[in-house]
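Each step along the sequence shown adds one to the number in our numbering, with nothing skipped, and position 96 is 96. By construction, the Cβ of each residue, glycine as well, lies at the ideal position given by its N, Cα and C atoms. Quantities reported herein were computed from a predicted structural model and do not represent experimental measurements. Worksheet for the structure shown next.
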Amino acid sequence: MPVLVGRETEQARLAAVLADLRAGRPALLALAGPAGIGKSALLADLTDIADYGGRVVRWRGVPAQTQLPFAALSGLLGALPRDDAGRNGDGDGDGDGSGDARETLDRAFGRGEPHPIGRLQVGAAAMTVIARAAEREPVLLLVDD
Ligand SMILES: Nc1ncnc2c1ncn2[C@@H]1O[C@H](COP(=O)(O)OP(=O)(O)OP(=O)(O)O)[C@@H](O)[C@H]1O
Ligand SMILES: [Mg+2]
């Protein structure tokens, strides 16, 4: 891992976001900048922080996936665990209350019966799955496109 030069401000912002997450405060941070400026290097530096204390899911795009619907969401959410069926006793047969959302996402991701699904519906379903996972443990999703 190369040492980052001159990125103390950005590293401090990222550390602050991690601290928010650890304290149970949801946070979103977007890194934007020209090619080669060091966005991926900053993210790699962040995942080196070993004491996050939650689930870290990382997704990195590859050109072949540009043709796949919702490739990033599919990769990220597929890596989030779900509880065993019925474990939480919420009666929906999925265990963590995200059964309908998971089904919506499976169809949006091209699995199961083909069915047109709007982006809003996909977004809402993704939020449900993430929220359920985050009820169990802190969740950090890292996307590098
Ligand atoms: N602040 C820095 N200190 C040291 N090396 C750096 C720094 N920023 C970037 N680099 C190095 O420059 C190269 C390009 O950085 P990186 O791949 O992170 O850029 P990027 O913003 O992700 O580019 P892209 O938009 O093409 O994905 C890498 O080898 C990285 O290690
Ligand atoms: Mg990059």
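Straight-line gap, residue i to residue j (C-alpha atoms, nearest Å)
i    : j    : result
R55  : P138 : 6 Å
K39  : R107 : 32 Å
A64  : A71  : 10 Å
A101 : T66  : 23 Å
A131 : V5   : 36 Å
A134 : I37  : 32 Å
D111 : I117 : Correcting the residue identity first, residue 111 is Arg in this sequence and not Asp. Rounded to the nearest angstrom, the two C-alpha atoms are 12 Å apart.
P33  : D45  : For clarity, residue 33 is Gly in the given sequence; the question names Pro instead. Rounded to whole angstroms, G33 to D45 spans 17 Å at the Cα level.
R136 : G99  : 16 Å
Any non-hydrogen atom of ligand 1 closer than 7 Å to residue i Cβ
i    : result
G61  : no
R7   : yes
S40  : yes
L14  : no
I117 : no
Where residue i sits in the DSSP three-state scheme
i    : result
V3   : coil
V143 : strand
R55  : strand
R102 : helix
R25  : coil
R82  : coil
R169 : Coverage of the chain is limited to positions 1 through 145, which leaves residue 169 absent and any answer about it impossible.
Buried or exposed by the 16-neighbour rule on C-beta atoms within 10 Å, applied to residue i
i    : result
T9   : exposed
V129 : buried
G125 : The amino acid occupying residue 125 in the given sequence is Ala; Gly does not appear at that position. The residue in question, A125, is buried, as its Cβ has 16 or more Cβ neighbours within 10 Å.
L105 : buried
V122 : buried
Residues of its chain near residue i, where Cβ-Cβ distance is below 7 Å and the 5 sequence neighbours each way are ignored
i   : result
A15 : none
Heavy atom of ligand 2 within 7 Å of residue i beta-carbon
i   : result
S74 : no
D45 : no
Own chain partners of residue i with C-beta closer than 8 Å, once the 5 adjacent residues on each side are dropped
i   : result
L76 : V57, W59, L141, V143
L80 : R55, V57, V129, I130, A133, V139
R22 : Y52, G53, G54, P138
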